[in-house]
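Student:
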Amino acid sequence: MLDKKGFDIGYAAMSRRIGIHYDAQATNELIFSLRKNGQSGNSYLRVYDWEGIPKYGITLDREIREFSIQEKTKRLYAIADESEVLVYDLSNIL
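In structure tokens, the structure reads:
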């Protein structure tokens, strides 16, 4: 499924705009906005360039509360509800 700008949202709940933005991080090139899906409970990252154009959508396999982007290692570090630290590889994005 594509939105008006051709961004592949590919996630049914996103097309209905279900979810809340509750954290954001930025790099020199991209802005990462964390959403929580109200239906599945998993977290979803929308990634924009500095012009506000959507570039990527990333569905995470878990619900996370906070995250940090490390450009040098091309990784996303996240805290799950159980205070577990999760690591995601972003080498295909950064």
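Residue 115 in the numbering used here is what sits at position 81 of the sequence shown, and the numbering runs on without skipping anything. The beta-carbon is built from N, C-alpha and C at its ideal position, and this holds for glycine as well.
In the structure shown, what three-state DSSP assignment does Ile117 receive?
Tutor: Position 83 of the sequence shown, counting from 1, holds the residue named residue 117. It should be pointed out that residue 117 corresponds to Ser in this sequence rather than to Ile. Three-state DSSP puts Ser117 in coil, outside helix and strand.
Student: Tell me whether Arg80 sits in a helix, a strand or coil according to DSSP, three-state version.
Tutor: Indexing the sequence shown from 1 puts residue 80 at position 46. Three-state DSSP puts Arg80 in a strand.
Student: Please state the DSSP three-state secondary structure of Lys96.
Tutor: Counting from 1 along the sequence shown, the entry for residue 96 is found at position 62. In the sequence as presented, Lys is not what sits at residue 96; that position holds Arg. Coil at Arg96, not helix or strand.
Student: Which value, in whole angstroms, describes the spacing of the CA atoms of Val121 and Ile92?
Tutor: For the purposes of this step, residue 121 is identified with residue 87 of the sequence shown, where counting begins at 1. For the purposes of this step, residue 92 is identified with residue 58 of the sequence shown, where counting begins at 1. When rounded, the distance between both Cα atoms is 14 Å.
Student: Beta carbon of Asp57, beta carbon of Glu116: below 8 Å?
Tutor: Here residue 57 is taken as the residue at index 23 of the sequence shown, counted from 1. Here residue 116 is taken as the residue at index 82 of the sequence shown, counted from 1. No. Outside cutoff.
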